[in-house]
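Working notes, beginning with the structure itself.
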Amino acid sequence: MSSRDVILNRIRRALNGSPGASDGPGGSGAPGAEEPVDRSYLTEHGARSTEETVELLAENLADYRAIVHRSDADGLAELLARLLAVRGARSVVVPPGLDASWLKAADPVRVHDRAELTPQQLDEVDSVVTGCAVAVAETGTIVLDGSPDQGRRRSTLVPDHHICVVRVPDQVVSSVPQALQRLDPVRPLTWISGPSATSDIELDRVEGVHGPRTLEVVLLSGA
Amino acid sequence: MTHTFVGMPAFPKAAHDAVRDTTLRGNLRHATHTIRAKRAKAVAELEDWERLREAGKQIKDHTLRHLDRYLVQLEESVTRAGGTVHWAADADEANRIVAGLVRATGEREVVKVKSMATQEIGLNEALAEEGITAYETDLAELIVQLGDDRPSHILVPAIHRNRGEIRDIFARTMSEWGRPAPDDLTDTPAELAEAARLHLREKFLRAKVGISGANFMVAETGTLVVVESEGNGRMCLTLPETLISVVGIEKLVPTWRDLEVFLQTLPRSSTAERMNPYTSMWTGTRDGLTGEGDGPRNFHLVLLDNGRTDTLADEVGRQALRCIRCSACLNVCPVYERAGGHAYGSVYPGPIGAILSPQLRGTASEIDASLPYASSLCGACYEVCPVAIDIPEVLVHLRERVVQGGPVTRRGAKVTLQPAKGHAAERAAMRAAAFAFTHPGALAAGQRLAARTRRFHPRRLPGPGRAWSDSRAVPKVPAEPFRDWWRRTRGETGGDR
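In order, the protein sequence lines correspond to chains B and G. Each residue of the first sequence is one higher than the one before, starting from 1 at the first, in the numbering used here. Each residue of the second sequence is one higher than the one before, starting from 1001 at the first, in the numbering used here.
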């Protein structure tokens, strides 16, 4: 007997006789409506206007040491150019679908996110600029799903400086349940809440380990 | 290499030694008290916490009731997305599978994300025997590995080390494993984190094989979820060509939507954050369903039993399988705070370890038989548990099993456990009590005798009771048994009821 069968048989024997479980040798019964999960928990916490939700996102991002900026479409290119210049970035990773106008004023050398790029080459790049899939106000989280304006997961991981542009209010939701509804589980997803951190030394949070140690989030309105 | 826990002394002996270590007690007290207050604050932010807790419990219970069905569904989903699913009945089989998969790549080193399951099965040691070096990349696991030490906490395996000790370990041993620590390394946490970043970076960038566990697996989509802080998880999950995930079969949830509960309760319970810095979710391989060339080319999922189905067979004890490894119960436990994680003789310390280890491993060894007693039954662990595991209930249940023996399931077979040695006095006392309580005449005679001889009673018990009275005062026997007093003062109306 394969280990697969061994394990499945052990489970069926273990559950035999438990309420709602076994319906014979075929195994446990189909999960049915007779035992629904009580989902009376909230879909979001507190009542807020759209503006207040964006404000909460900004607060919670900053609380976990992300640097928050605001811009409209006209000012974005200049803002991004300035942030990269202040950082002293000589090179920047550009996802294939990033709006070309965003970086039109920026000086750093563009490194295009492509399959042939090795991790070592990526390690030489100073910064990365991306869009995002959704942002969660209650937790101060941005979620990347690998869409063309965000690129492969490694391109937002290896460079030490990440600038993420969030379109507000369209890409902002209040809560984790609302975010999951918007996301496609098939895509590679990365939820980011502040820069890389650790609580491993005396259970106290320290920012800056392996992921980007500087996370800047631009809240882009009217785009 | 991380030591295994074979031949550990029973909990009372290990705890007795640990409480005398003042540095250890100071480190543990500082860390657990820091996180306790923060957790309470993070939980208080969610007014529906109790409902989330109940939903988490229900989702896990539902999954366990249909575990066979959901595992088969998960297998189909992962396979459809380009992954390969392996089944391992025990630790040896899981280790053989993983070693075989690594050998097939031709690589001699792997990078690892912190994973309780791979610690449980002793994967690093098994790989070492095959000539494969496993690099731990979580900061705390790195501290444990470099210090040739054992983990003492589920979330923060090096919680027993303070910053000064960590500095010394880094300065002394990093050069043996790769890039040395900077010469002028101090004990500030930021500098220690920087030293770990530099030390591990070269390993991440050249790694061809990554090994992980998972916090959750979604049956309907085949998605795996890893929750972390540092970014070492993202490195191991996205840069290598081959990813091998070893996951306990109880880590399953049926639907994508179910994650909405646990992604709210887990971070707040474990690191007391609204959300941990990084959560990775992936479904199959880079060319599986999206075909966008992101992440590992090969993905292997090893589903691990190793005592979980035996635990499932115990109707009281199976609730331990709801555990999402947040470690909130460790941080509030007065016994853990004083004894430390090593005394539990398992990778699962603290209250959850006291009910999980004896079920996963059985109670044949001295340490496992003693673990259900590593508690004062104060109930703080149950209060903070985000999936409402009634740990005191299971502890009492397991104590009964140790003392009285009875039917249990081991490796899928029903066996009858013999009463443990060393509890003979307790059993004799219980038998005497049972006799007395069912024979009122004998009870009354005994009580009167005890009352009359009270001035001859010793302050410490003789024989097997001596250890008990080492740290406790023997209660005074009253001058008159309660029943006699009742009859004398209310006897006319109350009768003998």
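For glycine and all other residues, C-beta sits at the position ideal for the given N, C-alpha and C. Remember, predicted model here, so these are calculated numbers, not experimental data.
Worksheet item: Cα-Cα, which of Asp-1258/G, Ala-1436/G and Ala-1429/G is closest to Tyr-41/B?
Response: The sequence position of residue 41/B within the first sequence is 41, counting from 1. If we check each option's Cα against that of Tyr-41/B, Asp-1258/G comes out closest.
Item to complete: Could you check if Asn-1306/G is buried or exposed, using at least 16 other CB atoms within 10 Å of its CB as the buried criterion?
Response: Your numbering for residue 1306/G matches position 306 in the second sequence. Classification for Asn-1306/G: buried.
Worksheet entry | Within-7 Å CB hit, Trp-1468/G to chain B | Here residue 1468/G refers to the residue found at position 468 when the second sequence is read from its first residue. No, Trp-1468/G lies away from the interface with chain B (no Cβ there is under 7 Å from its Cβ).
Worksheet entry | Rounded straight-line distance, which links the Cα of Gly-1317/G to that of Asp-1390/G | The residue labelled residue 1390/G in the question sits at position 390 within the second sequence. The residue labelled residue 1317/G in the question sits at position 317 within the second sequence. Cα to Cα, the separation comes out at about 9 Å.
Practice prompt. Determine the burial state of Leu-16/B: buried for a count of at least 16 other Cβ atoms within 10 Å of its Cβ, exposed for fewer.
Written response: Taking the first residue of the first sequence as position 1, residue 16/B is located at position 16. The residue you asked about is not Leu; residue 16/B is Asn in the sequence shown. With fewer than 16 Cβ atoms within 10 Å of its Cβ, Asn-16/B is classed as exposed.
Worksheet item: Taking the Cβ atom as the reference point for each residue, do Pro-119/B and Leu-1142/G lie within a distance shorter than 7 Å?
Response: Working through the first sequence from its first residue, we reach residue 119/B at position 119. Working through the second sequence from its first residue, we reach residue 1142/G at position 142. No, these two residues do not count as a Cβ contact at 7 Å.
Discussion item. Among Met-1/B, Ala-89/B, Ala-135/B and Ile-201/B, whose alpha-carbon lies nearest the alpha-carbon of Glu-59/B?
Written reply: What you label residue 59/B is simply residue 59 of the first sequence in a count that begins at 1. Nearest of Met-1/B, Ala-89/B, Ala-135/B and Ile-201/B to Glu-59/B, Cα basis: Ala-135/B.
Fill in: Selected residue, minimal CA-CA separation from Ser-1229/G, among Thr-214/B, Thr-156/B, Asp-170/B and Pro-195/B
Here the question's residue 1229/G lines up with position 229 in the second sequence. Comparing Cα positions, the closest option is Pro-195/B.
Worksheet item: For Phe-1011/G, is the classification buried or exposed, using 16 other Cβ atoms within 10 angstroms of its Cβ as the cut-off for buried?
Response: Within the second sequence, residue 1011/G is the residue found at index 11, counting from 1. Buried is the call here.
Discussion item. Comparing C-alpha positions only, which one of Ser-1152/G, Glu-1093/G and Asp-1138/G sits nearest to Leu-1127/G?
Written reply: Numbered from 1 along the second sequence, position 127 holds the residue referred to as residue 1127/G. For Leu-1127/G, the nearest C-alpha among the options comes from Glu-1093/G.
Fill in: One or two residues paired with Tyr-1135/G in a DSSP bridge
Your numbering for residue 1135/G matches position 135 in the second sequence. Paired residues: Val-1111/G.
Item to complete: Under 8 Å by Cβ, that's how I've got Leu-1239/G and Arg-154/B pegged, so tell me the actual separation to the nearest angstrom.
Response: As a first step, residue 1239/G must be located in the second sequence, where it is residue number 239. As a first step, residue 154/B must be located in the first sequence, where it is residue number 154. Sure, about 6 Å apart at Cβ, within 8 Å.
Worksheet item: Closer than 9 Å, Cβ to any Cβ of chain G: which residues of the segment 192-210 of chain B, in chain order?
Response: Ile-192, Ser-193, Gly-194, Pro-195, Ser-196, Ala-197, Thr-198, Ser-199, Asp-200, Ile-201, Glu-202, Leu-203, Asp-204, Arg-205, Val-206, Glu-207, Gly-208, Val-209 and His-210
Item to complete: Compute the minimum distance between the beta carbon of Gly-194/B and the heavy atoms of the ligand GTP, and state whether it is under 6 Å.
Response: As for the ligand GTP, it is missing from this structure, which has no ligand bound.
Discussion item. In chain order, what are the residue ranges of uninterrupted beta strand (DSSP E) at least 3 long that sit wholly in the segment 1042-1080 of chain G?
Written reply: none
Worksheet item: Which whole-angstrom value is the C-beta distance of Ser-108/B and Arg-90/B, which I expect to be below 8 Å?
Response: As a position in the first sequence, residue 108/B is number 108, starting the count at 1. As a position in the first sequence, residue 90/B is number 90, starting the count at 1. Reading the sequence as shown, one finds Pro at residue 108/B and not Ser. That belief holds up - the Cβ atoms of Pro-108/B and Arg-90/B are roughly 6 Å apart, short of 8 Å.
Discussion item. With H, G and I counted as helix, E and B as strand and the rest as coil, what does DSSP make of Ile-201/B?
Written reply: One-based indexing of the first sequence puts residue 201/B at position 201. Ile-201/B falls in the strand class under three-state DSSP.
Worksheet item: Based on Cα-Cα distance, which residue from Asp-1183/G, Arg-1308/G, Asp-1138/G and His-1030/G lies nearest to Asn-9/B?
Response: Against the first sequence, residue 9/B aligns to sequence position 9. Ranking Asp-1183/G, Arg-1308/G, Asp-1138/G and His-1030/G by Cα distance to Asn-9/B puts Arg-1308/G first.
Fill in: Candidates Arg-39/B, Gly-131/B and Pro-159/B, of which the one nearest Arg-87/B by Cα
Taking the first sequence and counting its residues from 1, the one referred to as residue 87/B is at position 87. Nearest C-alpha to Arg-87/B: Pro-159/B.
Discussion item. I'd like the span of the beta strand (DSSP E) that includes Gly-1248/G, first residue to last.
Written reply: Along the second sequence, one-based indexing puts residue 1248/G at 248. Its beta strand (DSSP E) spans residues 1242-1248.
Worksheet item: Using a beta-carbon distance below 7 Å, is Ile-1035/G in contact with chain B?
Response: Sequence index remark: in the second sequence, residue 1035/G carries index 35 (1-based). Chain B, which has a Cβ nearer than 7 Å to the Cβ of Ile-1035/G, makes this yes.
Worksheet item: Nearest chain G C-beta to Thr-139/B closer than 7 Å, yes or no?
Response: Walking along the first sequence from the start, residue 139/B turns up at place 139. Closer than 7 Å to some Cβ of chain G, the Cβ of Thr-139/B qualifies, so yes.
Worksheet entry | Opposing strand residues paired with Cys-164/B [DSSP bridges] | As a first step, residue 164/B must be located in the first sequence, where it is residue number 164. DSSP output for Cys-164/B lists Thr-130/B and Val-217/B as bridge partner(s).
Fill in: For Ala-1088/G, the first and last residue of its enclosing alpha helix (DSSP H)
Counting from 1 along the second sequence, the entry for residue 1088/G is found at position 88. First-last for Ala-1088/G: 1084-1088, but that is the beta strand (DSSP E), not the alpha helix (DSSP H).
Fill in: Residue-chain proximity (Leu-1252/G, chain B), Cβ-Cβ < 7 Å
Residue numbering aside, residue 1252/G sits at position 252 when the second sequence is read from its first letter. Answer no: the Cβ-Cβ gap between Leu-1252/G and chain B never drops below 7 Å.
Discussion item. At the level of alpha carbons, what is the spacing between Tyr-1452/G and Asp-1484/G?
Written reply: Numbered from 1 along the second sequence, position 452 holds the residue referred to as residue 1452/G. Numbered from 1 along the second sequence, position 484 holds the residue referred to as residue 1484/G. Residue 1452/G is actually Arg in this sequence, not Tyr. The straight-line gap from Cα to Cα measures roughly 13 Å.
Fill in: Glu-1400/G versus Val-1415/G: straight-line alpha-carbon distance, rounded
Position 400 of the second sequence, counted from the start, is the residue given in the question as residue 1400/G. Position 415 of the second sequence, counted from the start, is the residue given in the question as residue 1415/G. Their Cα atoms are separated by approximately 16 Å.
Worksheet item: Counting Cβ pairs, one atom from each stretch, are 3 or more of them under 8 Å apart for the segment 1022-1037 of chain G and the segment 1362-1373 of chain G?
Response: no
Worksheet item: Shorter than 7 Å from the beta carbon of Pro-108/B to some beta carbon of chain G?
Response: If you number the first sequence from 1, residue 108/B lands on position 108. Cβ-Cβ to chain G under 7 Å: no for Pro-108/B.
Discussion item. Are the CB atoms of Pro-1386/G and Cys-1326/G within a distance shorter than 7 Å?
Written reply: Working through the second sequence from its first residue, we reach residue 1326/G at position 326. Working through the second sequence from its first residue, we reach residue 1386/G at position 386. Yes. Within cutoff.
Worksheet item: Along chain G, which residues have their Cβ under 9 Å away from the Cβ of Leu-15/B?
Response: For the purposes of this step, residue 15/B is identified with residue 15 of the first sequence, where counting begins at 1. The answer, in chain order, is Leu-1064, Arg-1065, His-1066, Leu-1067, Asp-1068, Leu-1312 and Ala-1313.
Worksheet item: Any C-beta of chain G sitting closer than 7 Å to the C-beta of Thr-190/B?
Response: Position 190 of the first sequence, counting from 1, holds the residue named residue 190/B. Yes - at least one Cβ of chain G is within 7 Å of the one on Thr-190/B.
Worksheet item: DSSP state of Tyr-1278/G, grouped into three classes?
Response: As a position in the second sequence, residue 1278/G is number 278, starting the count at 1. Strand at Tyr-1278/G.
Worksheet item: With a cut-off of 7 Å, does the C-beta of Ser-40/B fall near any C-beta of chain G?
Response: Position 40 of the first sequence, counted from the start, is the residue given in the question as residue 40/B. At least one chain G Cβ lies under 7 Å of Ser-40/B.
Worksheet item: Can you name the start and end residues of the alpha helix (DSSP H) that Phe-1262/G belongs to?
Response: Your numbering for residue 1262/G matches position 262 in the second sequence. Taken as a continuous stretch (DSSP letters only), the alpha helix (DSSP H) holding Phe-1262/G covers 1259-1270.
Discussion item. Rounded to whole angstroms, what is the Cα-Cα separation between Arg-1490/G and Val-1396/G?
Written reply: As a working note, residue 1490/G is residue 490 in the second sequence. As a working note, residue 1396/G is residue 396 in the second sequence. Rounded to the nearest angstrom, the two C-alpha atoms are 37 Å apart.
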